[in-house]
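Here is the structure we will look at.
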Amino acid sequence: MAADIFTLGIDVGSTTSKCLILGNGEEIISSAIIPAGTGTSGPGRALEAALSEAMLSRQDIAAVTATGYGRNSFEGADYIVSELSCHAIGAHAMFPDAKTVIDIGGQDAKAISIENGKLGSFVMNDKCAAGTGRFLDVMARVLELDVSELAEKDAMAGRVIPISSTCTVFAESEVISQLSKNVDICDLVAGIHASVAVRTASLVRRLGLTPPLAMTGGVAQNAGIVRALSKELGEEISVSPLCQLAGAYGAAIHGFNKLKGRK
Amino acid sequence: MADLSTMIAGLKAISPKEELKKAVSAGKKVIGIMPYFCPEELVYASGMVPLGLWGADMQANESKRYYPAFICSILHTVLEMGIKGKLNDLSGIMIPASCDSLKSMGANWQYGVKTVPVINVSIAQNRKIPAGKEYTASQFKKVRDELSKISGKEITDEAIIDAIKVYNENRKALREFSFLAGKHPEAISPADRNAVIKAGYFMDRKEHTKAVLAISAELASLPESSFRGAKVVTSGILADSPSLLKIFEDLHIAVVDDQIAHESLNFRTDVPIIESDPIMGMAERIAEIEGCSVLFDPGKKRGQELVKLAQDAGADGIIWIMTKFCDPEEYDYVPVKRMIDKAGIPLLAVEVDRQMVNYEQARNAIEAFSETLC
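Protein sequence lines correspond, in order, to chains A and B. First residue of the first sequence? That's 1 in this note's numbering, and the numbers climb one at a time after it. First residue of the second sequence? That's 264 in this note's numbering, and the numbers climb one at a time after it.
Listed below in structure tokens is the structure:
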């Protein structure tokens, strides 16, 4: 049956804007990811791209829910919800059995517990960028790689070169010093991933590790990180191809639930 | 009688800088009082003016010559103000040794601020046993004598008893206000609640009591609250950042009670009047205070008390306002969290700092937490 109620979720992140349109609260009609975050043209472009792909106009959308760091500055939202709630809802839709969600975004990392399909409790990183997408961007730049190449390099690593510094700035110096020793870049990438995994795993342990685990956010696309994190936690981690859209997905579901009067 | 908002606006307008200037222009001597639990009544009894010093929302630069950057921002900013001469009108500053960072504050102040003498305050670690109470009282007596020298007049037991009565009246008024504010979040925002309490650190206590009683009378006459937002109890050292309190207000979160050193912990416990030795009564009060990380609490009664506060106030959750780099608070958090979790009360910890300018991450966490409460 064709959808008759469309809800849109937009996740205005620190570095990327994600938008997803849902039909009747279940069917993904369209989505868009624009690599420009809050305070840029990214949110508007993501919205337009998702509407265009779905061949819908703003008037066709019954509810727009904004989430992410830029949620409060996004104009035209019917609902505004934190990305922690939206990632919990989105991850639950992707993996209904998941009890713990790890979300690593552009500038923060979060461990989230899911209770009854919604946000239970959570632990966030502090203001430090280490262990976030920004950390990986910085490291990729030092290694003259695109961040999308990190997973491939990680897969070719023969060993893991430990990166001991937890601070992004010091870790960058450490990586540069390793480069000056002509170490294998693949081994260095595996070390960078391991350092992110250690930091993120500490968030999960503070929250309380309750499997099954799922991972959302843009960094989940990096199979090297997922592997390192899985090894560090000793648990399998489920990742959806839509991982980067989890917040927008959860926001669209939230909007639909609100329309239906569900909590 | 002025309406509620006018009365609260009056207290919000109280400026420590102006109060200091006013007192000095009137020929009075002013004594700065640093946290925690200094014998402020003795200053009142001496005829001098006490002025609370809990730091300021400012960048600290000069103070970093004496403290590394990773030390409590309350201390950093008080020292910064001292070094920059903003507290030169003080005739003395009481500095206790309640935590590791405060232990070196007195020496740092002596080196960095030559113009304002330090009055060191010691409180017994084992504050509850008879020997501990005797020690605290003996130290407070030393403070009394130092204040006598500064004021140039003897501080009699009668004057101390009178001061204790003034402070006990003030504490009683604040307890009543805190209770009524918790019942009427529709009328008292978290920022209002904080402002009413905070003004007491800068005003004459009798005047403050009068103002608080007038506000409470107004609150008591209000019909039952229609507030529908989330209700929380806060715990920590300090929660007076306007940006933080604005987040609470924006998200319709009410503070229905607190376990904050700067707020209720300062007025929850009265000083018993001991006619023969009033300073011993002040030591007795120190022995009775519960729920503060800088007062030795081997059984961690803080956790039980916090759970009870939340239950009694009908709170939906607890927000732990973690002062950045505060070791005592970080140590307390672990056992207290366990107790709160066991009681099934939702808990959020948010880190704050006097030098913070961007509260977006705190907003994000508080917003997500409030979504779990509704």
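The beta carbon of each residue, even a glycine, is placed where N, CA and C say it ideally should be.
Quiz item: Taking Cβ positions, are A:THR65 and A:HIS254 nearer each other than 8 Å?
Solution: For the purposes of this step, residue 65 of chain A is identified with residue 65 of the first sequence, where counting begins at 1. For the purposes of this step, residue 254 of chain A is identified with residue 254 of the first sequence, where counting begins at 1. Contact: yes.
Quiz item: Going by the beta-carbon positions, is the gap between B:ASP566 and B:ILE603 smaller than 8 Å?
Solution: For the purposes of this step, residue 566 of chain B is identified with residue 303 of the second sequence, where counting begins at 1. For the purposes of this step, residue 603 of chain B is identified with residue 340 of the second sequence, where counting begins at 1. In the sequence under discussion, the amino acid at residue 566 of chain B is Gly, which differs from the Asp named in the question. Yes, the Cβ-Cβ distance between B:GLY566 and B:ILE603 is below 8 Å.
Self-check item: Interface flag, A:SER82 vs chain B, CB-CB below 8 Å
Solution: Within the first sequence, numbered from 1, the residue matching residue 82 of chain A stands at position 82. It does: the Cβ of A:SER82 has a partner Cβ on chain B nearer than 8 Å.
Practice problem: Just tell me which of B:ILE608, B:TYR594, B:LYS587 and B:LYS605 has its CA closest to the CA of B:MET619. | Solution: The residue given as residue 619 of chain B occupies position 356 in the second sequence. If we check each option's Cα against that of B:MET619, B:LYS587 comes out closest.
Practice problem: Identify, in the order they occur along the chain, each residue of the same chain with its Cβ nearer than 7 Å to the Cβ of B:ASP363, setting aside the five sequence neighbours on each side. | Solution: As a working mapping, residue 363 of chain B is identified with position 100 in the second sequence. Excluding residues within five positions, the ones whose Cβ falls inside 7 Å are ASP590.
Quiz item: Can a CB atom of chain B be found closer than 8 Å to the CB of A:PHE6?
Solution: In the first sequence, the residue the question calls residue 6 of chain A occupies position 6. Chain B contact via Cβ: absent.
Exercise. Return the CA-CA distance between B:ASP425 and A:ALA77, expressed in angstroms with no decimal places.
Key: What you label residue 425 of chain B is simply residue 162 of the second sequence in a count that begins at 1. What you label residue 77 of chain A is simply residue 77 of the first sequence in a count that begins at 1. Looking at the two C-alpha atoms, the distance is approximately 60 Å.
Quiz item: By the criterion of Cβ-Cβ separation under 7 Å, what are the contact partners of A:LEU119 in chain B?
Solution: Stepping through the first sequence from its first residue, residue 119 of chain A is reached at position 119. ALA631, GLU634 and THR635, listed in chain order.
Self-check item: CB contact below 8 Å: B:GLU432 versus chain A
Solution: The count along the second sequence starts at 1 and reaches residue 432 of chain B at position 169. Taking Cβ atoms only, chain A never reaches closer than 8 Å to B:GLU432, which makes this a no.
Exercise. Over the uninterrupted beta strand (DSSP E) stretch that includes B:GLU593, give me the two end residues.
Key: Within the second sequence, numbered from 1, the residue matching residue 593 of chain B stands at position 330. No beta strand (DSSP E) contains B:GLU593, which is instead part of the alpha helix (DSSP H) from 590 to 605.
Practice problem: State yes or no: is the beta carbon of A:PHE135 nearer than 8 Å to at least one beta carbon in chain B? | Solution: The residue given as residue 135 of chain A occupies position 135 in the first sequence. False, the Cβ-Cβ gap to chain B never drops below 8 Å.
Self-check item: contact_flag[the segment 434 to 454 of chain B, the segment 402 to 414 of chain B] where n(CB pairs < 8 Å) is 3 or more
Solution: no
Practice problem: Just the C-alpha distance for B:ALA300 and B:LEU316, rounded to the nearest angstrom, thanks. | Solution: Locating residue 300 of chain B in the second sequence gives position 37, counting from the first residue. Locating residue 316 of chain B in the second sequence gives position 53, counting from the first residue. For the record, residue 300 of chain B in the displayed sequence is Phe; it is not Ala. Rounded to whole angstroms, B:PHE300 to B:LEU316 spans 12 Å at the Cα level.
Quiz item: Is A:TYR79 close to chain B, meaning its C-beta is less than 8 Å from at least one C-beta of that chain?
Solution: In the first sequence, counting from the first residue as 1, residue 79 of chain A sits at position 79. Chain B, which has no Cβ nearer than 8 Å to the Cβ of A:TYR79, makes this no.
Exercise. Compare the beta carbon distance of B:VAL495 and B:ILE516 with 8 Å and say whether it is the shorter of the two.
Key: Position 232 of the second sequence, counted from the first residue, corresponds to residue 495 of chain B. Position 253 of the second sequence, counted from the first residue, corresponds to residue 516 of chain B. A contact, by the Cβ cut-off of 8 Å.
Self-check item: Inter-residue Cα distance where the pair is A:ALA3 and A:ALA251
Solution: Residue 3 of chain A sits at position 3 when you count from the first residue of the first sequence. Residue 251 of chain A sits at position 251 when you count from the first residue of the first sequence. For A:ALA3 and A:ALA251, the distance between alpha carbons rounds to 18 Å.
Quiz item: Does the separation of the CB atoms of A:ALA50 and A:CYS86 fall below 8 Å?
Solution: Taking the first sequence and counting its residues from 1, the one referred to as residue 50 of chain A is at position 50. Taking the first sequence and counting its residues from 1, the one referred to as residue 86 of chain A is at position 86. For A:ALA50 and A:CYS86, no; Cβs fall outside 8 Å.
Quiz item: Which value, in whole angstroms, describes the spacing of the CA atoms of A:GLN107 and A:VAL12?
Solution: If you number the first sequence from 1, residue 107 of chain A lands on position 107. If you number the first sequence from 1, residue 12 of chain A lands on position 12. Their backbone Cα atoms lie some 13 Å apart in a straight line.
Self-check item: Residue nearest to A:LEU209 in terms of C-alpha spacing, selected from A:ALA98, A:GLY39 and A:ALA91
Solution: Here residue 209 of chain A corresponds to residue number 209 of the first sequence, with the count starting at 1. Of A:ALA98, A:GLY39 and A:ALA91, the residue nearest in Cα terms is A:ALA98.
Quiz item: Would a C-beta distance cut-off of 8 Å place B:SER617 and B:ALA319 closer than the cut-off?
Solution: Against the second sequence, residue 617 of chain B aligns to sequence position 354. Against the second sequence, residue 319 of chain B aligns to sequence position 56. In the sequence as displayed, the identity of residue 617 of chain B is Arg instead of Ser. Their beta carbons are under 8 Å apart, which means B:ARG617 touches B:ALA319 by this criterion.
Quiz prompt | Cβ contact check for the segment 365 to 384 of chain B and the segment 338 to 351 of chain B: 3 or more pairs under 8 Å | solution = yes
Self-check item: Three-state class that DSSP yields for A:ALA46 in the structure shown
Solution: Against the first sequence, residue 46 of chain A aligns to sequence position 46. Of the three classes helix, strand and coil, the one that applies to A:ALA46 here is helix, per DSSP.
Self-check item: Same chain, Cβ closer than 7 Å to A:ALA157, five either side skipped, listed in chain order
Solution: Start at 1 with the first residue of the first sequence, and residue 157 of chain A comes out as number 157. So the qualifying residues of the chain are CYS186, ASP187, VAL189 and ALA190.
Practice problem: Using a cut-off of 9 Å between C-beta atoms, extract the partners of B:ALA289 located in chain A. | Solution: Here the question's residue 289 of chain B lines up with position 26 in the second sequence. Going along chain A, no residue has its Cβ under 9 Å from B:ALA289, so there is no contact; the nearest lies around 45 Å.
Quiz item: What residues from chain B crowd round A:TYR249, counting only those whose CB sits closer than 9 Å?
Solution: For the purposes of this step, residue 249 of chain A is taken as the residue at position 249 of the first sequence. The contacting residues do not exist; A:TYR249 stays about 17 Å from chain B at best.
Self-check item: Environment of B:ASN621 [buried if 16+ CB atoms lie within 10 Å]
Solution: As a first step, residue 621 of chain B is located in the second sequence; it is residue number 358 there, counting from the start. Flag for B:ASN621 reads exposed.
Practice problem: Tell me whether the beta-carbon of B:VAL429 lies closer than 8 Å to the beta-carbon of B:TYR307. | Solution: Counted from its first residue, the second sequence places residue 429 of chain B at position 166. Counted from its first residue, the second sequence places residue 307 of chain B at position 44. Yes. Within cutoff.
Quiz item: Do the segment 234 to 252 of chain A and the segment 265 to 272 of chain B meet, that is, are 3 or more Cβ pairs less than 8 Å apart?
Solution: no
Quiz item: For the alpha helix (DSSP H) that B:GLY369 lies in, which residues bound it at each end?
Solution: Taking the second sequence and counting its residues from 1, one reaches residue 369 of chain B at position 106. Its alpha helix (DSSP H) spans residues 368 to 375.
Practice problem: Give a yes or no on whether 8 Å exceeds the smallest Cβ distance from A:SER164 to chain E. | Solution: Protein chains in the displayed structure are A and B, and chain E is not among them.
Quiz prompt | Secondary structure of B:MET264, DSSP reduced to three states | solution = Here residue 264 of chain B is taken as the residue at index 1 of the second sequence, counted from 1. Interpretation of B:MET264 is limited by its pLDDT of 49, a score under 50 that renders its predicted location unreliable; the figure taken from the coordinates is listed afterwards. Coil, per DSSP.
Self-check item: Expected contact under 8 Å - CB spacing of B:ILE552 and B:THR532 to nearest Å
Solution: Counting from 1 along the second sequence, the entry for residue 552 of chain B is found at position 289. Counting from 1 along the second sequence, the entry for residue 532 of chain B is found at position 269. Yes, B:ILE552 and B:THR532 are in contact; Cβ-Cβ is about 5 Å, under 8 Å.
Self-check item: Runs of beta strand (DSSP E) wholly within the segment 111 to 152 of chain A (minimum 3 residues, chain order)
Solution: 118 to 124
Exercise. Give me the Cα-Cα distance between B:LEU274 and B:ALA462, rounded to the nearest whole angstrom.
Key: Position 11 of the second sequence, counted from the first residue, corresponds to residue 274 of chain B. Position 199 of the second sequence, counted from the first residue, corresponds to residue 462 of chain B. Between B:LEU274 and B:ALA462, the C-alpha separation is close to 6 Å.
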